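Worksheet: one structure, shown below.
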Amino acid sequence: MKICVVVARFSLTGVPLTQIRFARALAALGHDVDLVFGHVGSEAKVHDLGAARLEVLGPATARGMLLPFCRYLRRAKPDIVFSSQDNLNGFVLLAAILTGSKAKISGSSRVNPFFTYSNRLLTRKWVFKQAMRAVMWRADALTCVSEGMVQEYRALFRHAPHVTVYNLVDDAPSRARISEPIDHAWFVDKTTPIVVSAGTLSPRKGFSDLIAAFNRLVQDGRDIRLVIFGEGPSRGELEQQVHALGLADRVSLPGEITNPLRYFARADVFAMTSYFEGLGNVLIEAMMCGCSLVATDCPSGPAEILGFGRYGKVVPVGDHEALAAAIASQLDHPTPAKILAEGVVRFSEDAVLARHFDLLGLSPCEQTAA
Numbered sequence: 001m002k003i004c005v006v007v008a009r010f011s012l013t014g015v016p017l018t019q020i021r022f023a024r025a026l027a028a029l030g031h032d033v034d035l036v037f038g039h040v041g042s043e044a045k046v047h048d049l050g051a052a053r054l055e056v057l058g059p060a061t062a063r064g065m066l067l068p069f070c071r072y073l074r075r076a077k078p079d080i081v082f083s084s085q086d087n088l089n090g091f092v093l094l095a096a097i098l099t100g101s102k103a104k105i106s107g108s109s110r111v112n113p114f115f116t117y118s119n120r121l122l123t124r125k126w127v128f129k130q131a132m133r134a135v136m137w138r139a140d141a142l143t144c145v146s147e148g149m150v151q152e153y154r155a156l157f158r159h160a161p162h163v164t165v166y167n168l169v170d171d172a173p174s175r176a177r178i179s180e181p182i183d184h185a186w187f188v189d190k191t192t193p194i195v196v197s198a199g200t201l202s203p204r205k206g207f208s209d210l211i212a213a214f215n216r217l218v219q220d221g222r223d224i225r226l227v228i229f230g231e232g233p234s235r236g237e238l239e240q241q242v243h244a245l246g247l248a249d250r251v252s253l254p255g256e257i258t259n260p261l262r263y264f265a266r267a268d269v270f271a272m273t274s275y276f277e278g279l280g281n282v283l284i285e286a287m288m289c290g291c292s293l294v295a296t297d298c299p300s301g302p303a304e305i306l307g308f309g310r311y312g313k314v315v316p317v318g319d320h321e322a323l324a325a326a327i328a329s330q331l332d333h334p335t336p337a338k339i340l341a342e343g344v345v346r347f348s349e350d351a352v353l354a355r356h357f358d359l360l361g362l363s364p365c366e367q368t369a370a
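Residue numbering for the sequence shown follows the numbering used here, starting at 1 and increasing by one per position.
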């Protein structure tokens, strides 16, 4: 089948990286796959596509992609379009309507709907909600990456058709990256336990809470280190917090890296301290790497990923004491590898592809659309 996987912008973050994995897996099954981006900055940054082809439309916004994507639909005539993120999903559905495309459209929502839509009359989010209602009929499948998100959509949209399909995180190329060489000195010559985290350095990720909880453990006499991978607007504040607490020799903020998996596999505990998530791919990646896990019970994915406590510790958002206790517990009593392996099955290539195609009334191995 001719399949289009469309993403608004490329970055080293959850949605673009997940869709690259998805496109690569579809191409590996023998499908003719275009990975279509609105904007990538430098095409050299987009790698590991397998047999999928990269196509860049040019505009840096989902709205700006409307006309170029209409032209793409007329030219490429895909059998299936897989879109991600609500603002893009709406314009993809509109493009399919305007062009009369026969493609099956599957739109995946990746963030809490209350950040995109609103019931408050005549606001921008209210207008977008009405616009989405007007084109939603054209979708063959509308999905969310967690059951918590599905419930949020059903609360906002009466009779919302959304169902859960998890992100594809566990595949062979990703597992191969676990064994790549490392160069961070603390991991190369590891002498003390390491707590690790990763994400955009922004308030919603709760890294200030993580540093505060880590400080409690140090004050309790634990000889441990903390590494937070990522970049973002809160770097200065986090660095100030680290220095104010006298933790400069125990906390590292090495910036954004292309392959954090190799470090997750060598860490002792991965901690996710977010205030909200759509799902939390990085938590699944750490699970895949065999790292013991701690996460906040934020809306809407982390607790679900952790099986509400089966696959890791779940703590209240912003509770430094509970977070420190959970990290200490995981350091002292790591989650067995067998349990972690069980937890990651839901996010495997076979499981996710089968679910997507089942919703479209197809099989992943079919080579022509019904």
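Idealized CB from N, CA, C, for every residue including glycine. Bear in mind that the values here come from a model prediction, so they are computed numbers and not experimental data.
Excluding five sequence neighbours on each side, which residues of the same chain lie with their C-beta closer than 7 Å to the C-beta of VAL135?
Translated into the one-based positions of the sequence shown, residue 135 becomes position 135. Cβ neighbours of VAL135 beyond the five flanking positions: GLY90, LEU93, LEU94 and ILE97.
Could you pull the DSSP bridge partners for LEU142 from this structure?
Counting from 1 along the sequence shown, the entry for residue 142 is found at position 142. Looking at the DSSP assignment, LEU142 forms a beta bridge with GLY107.
Looking at the secondary structure, which residues open and close the beta strand (DSSP E) in which CYS4 lies?
Taking the sequence shown and counting its residues from 1, one reaches residue 4 at position 4. Taken as a continuous stretch (DSSP letters only), the beta strand (DSSP E) holding CYS4 covers 2 to 9.
Taking the alpha-carbon positions, what's the ALA271 to ARG204 distance?
As a working note, residue 271 is residue 271 in the sequence shown. As a working note, residue 204 is residue 204 in the sequence shown. Going by the C-alpha atoms only, they are around 14 Å apart.
Which of helix, strand or coil does DSSP assign to ASP86?
For the purposes of this step, residue 86 is taken as the residue at position 86 of the sequence shown. DSSP places ASP86 in helix when its eight states are reduced to three.
Below 6 Å CB to CB, which residues in the same chain sit around PRO193 once its five sequence neighbours on both sides are set aside?
Locating residue 193 in the sequence shown gives position 193, where the first residue counts as 1. Only ILE224, ASP268 and LEU331 meet the Cβ criterion.
Can you confirm whether the segment 272 to 282 touches the segment 249 to 259 when touching is taken to mean that 3 or more C-beta pairs between the two stretches lie within less than 8 Å?
no
With a CB to CB cut of under 6 Å and the five nearest residues on each side skipped, what residues in its chain are close to LYS2?
Sequence index remark: in the sequence shown, residue 2 carries index 2 (1-based). So the qualifying residues of the chain are ASP32, PRO78 and ASP79.
Just to check my reading of the structure: GLY312 and VAL145 have Cβ atoms closer than 8 Å, yes? What is that Cβ distance to the nearest angstrom?
Counting from 1 along the sequence shown, the entry for residue 312 is found at position 312. Counting from 1 along the sequence shown, the entry for residue 145 is found at position 145. 18 Å between Cβ atoms; not a contact.
Would you list the one or two residues that DSSP bridges to SER252?
Counted from its first residue, the sequence shown places residue 252 at position 252. According to DSSP, SER252 bridges with VAL227.
Rounded to a whole number of angstroms, what is the C-alpha to C-alpha distance between PRO336 and ARG71?
Taking the first residue of the sequence shown as 1, we reach residue 336 at position 336. Taking the first residue of the sequence shown as 1, we reach residue 71 at position 71. Each residue's Cα considered, the two are about 51 Å apart.
Of the listed residues ALA27, GLY30 and LEU17, nearest to PHE37 (C-alpha basis)
The residue given as residue 37 occupies position 37 in the sequence shown. Ranking ALA27, GLY30 and LEU17 by Cα distance to PHE37 puts LEU17 first.
What are the complete alpha helix (DSSP H) segments, minimum 4 residues, inside the segment 126 to 209?
147 to 156, 172 to 177 and 185 to 188
Whole angstroms are fine: how far does the CA of LEU156 sit from the CA of PRO113?
The residue labelled residue 113 in the question sits at position 113 within the sequence shown. The residue labelled residue 156 in the question sits at position 156 within the sequence shown. For PRO113 and LEU156, the distance between alpha carbons rounds to 8 Å.
Do the CB positions of LEU66 and LEU35 come within less than 9 Å of each other?
For the purposes of this step, residue 66 is identified with residue 66 of the sequence shown, where counting begins at 1. For the purposes of this step, residue 35 is identified with residue 35 of the sequence shown, where counting begins at 1. Result no, Cβ atoms of LEU66 and LEU35 do not sit closer than 9 Å.
The segment 317 to 329 contacting the segment 170 to 186, beta-carbon criterion three pairs below 8 Å
no
Reduced DSSP category for GLY309 - H, G, I as helix; E, B as strand; rest coil:
Here residue 309 refers to the residue found at position 309 of the sequence shown. Reduced to three states, the DSSP call for GLY309 is helix.
Quick check on the DSSP output: the alpha helix (DSSP H) that includes PHE22 runs from which residue to which?
The residue you call residue 22 lines up with position 22 of the sequence shown. Residues 14 to 28.
Does the separation of the CB atoms of MET287 and GLY221 fall below 9 Å?
Reading the sequence shown from its first residue, position 287 is the one you call residue 287. Reading the sequence shown from its first residue, position 221 is the one you call residue 221. No, the Cβ-Cβ distance between MET287 and GLY221 is not below 9 Å.
Rounded Cβ spacing between GLY206 and THR296 (contact assumed at less than 8 Å):
Position 206 of the sequence shown, counted from the start, is the residue given in the question as residue 206. Position 296 of the sequence shown, counted from the start, is the residue given in the question as residue 296. Their Cβ separation, rounded to whole angstroms, is 7 Å, which keeps GLY206 and THR296 in contact under 8 Å.
CB contact flag (LEU217, ILE284, <9 Å):
Position 217 of the sequence shown, counted from the start, is the residue given in the question as residue 217. Position 284 of the sequence shown, counted from the start, is the residue given in the question as residue 284. Not a contact, by the Cβ cut-off of 9 Å.
Within this structure, are the beta carbons of PHE10 and VAL40 separated by less than 9 Å?
Position 10 of the sequence shown, counted from the first residue, corresponds to residue 10. Position 40 of the sequence shown, counted from the first residue, corresponds to residue 40. With contacts defined by Cβ atoms closer than 9 Å, PHE10 and VAL40 form a contacting pair.
Between the segment 238 to 248 and the segment 106 to 126, do three or more beta carbon pairs fall short of 8 Å?
no
Under 6 Å Cβ to Cβ from SER348, same chain only, skipping five residues before and after it: list those, please.
One-based indexing of the sequence shown puts residue 348 at position 348. Correct list, in chain order: ASP170.
Option in ARG124, VAL195, ARG266 and ASN119 with minimal Cα separation from GLU180:
Locating residue 180 in the sequence shown gives position 180, counting from the first residue. GLU180 has its Cα closest to that of ARG266, out of ARG124, VAL195, ARG266 and ASN119.
Going by C-alpha distance, which of ALA51, ALA341, LEU340 and ALA354 is nearest LEU168?
Residue 168 sits at position 168 when you count from the first residue of the sequence shown. If we check each option's Cα against that of LEU168, ALA354 comes out closest.
Beta-carbon spacing of GLY262, ILE211 below 9 Å
Counted from its first residue, the sequence shown places residue 262 at position 262. Counted from its first residue, the sequence shown places residue 211 at position 211. Per the sequence shown, residue 262 should be read as Arg rather than Gly. Going by C-beta atoms, ARG262 is not nearer than 9 Å to ILE211.
Within the segment 235 to 297, ranges of the alpha helix (DSSP H) (whole runs, at least 4 residues):
Counting whole runs of 4 or more residues, the segment 235 to 297 contains the alpha helix (DSSP H) stretches 235 to 244, 261 to 264 and 281 to 288.
To test your reading of the DSSP string, which unbroken alpha helix (DSSP H) runs of 4 or more residues are found completely within the segment 296 to 368?
Within the segment 296 to 368, the complete alpha helix (DSSP H) runs of at least 4 residues are 302 to 305, 320 to 332, 337 to 344 and 349 to 359.
Return the chain-ordered list of same chain residues with a C-beta closer than 7 Å to the C-beta of ILE182, the five sequence neighbours on each side being excluded.
As a first step, residue 182 is located in the sequence shown; it is residue number 182 there, counting from the start. For ILE182, where only same-chain residues beyond five positions count, the Cβ hits under 7 Å are VAL188, ARG262, TYR263 and ARG266.
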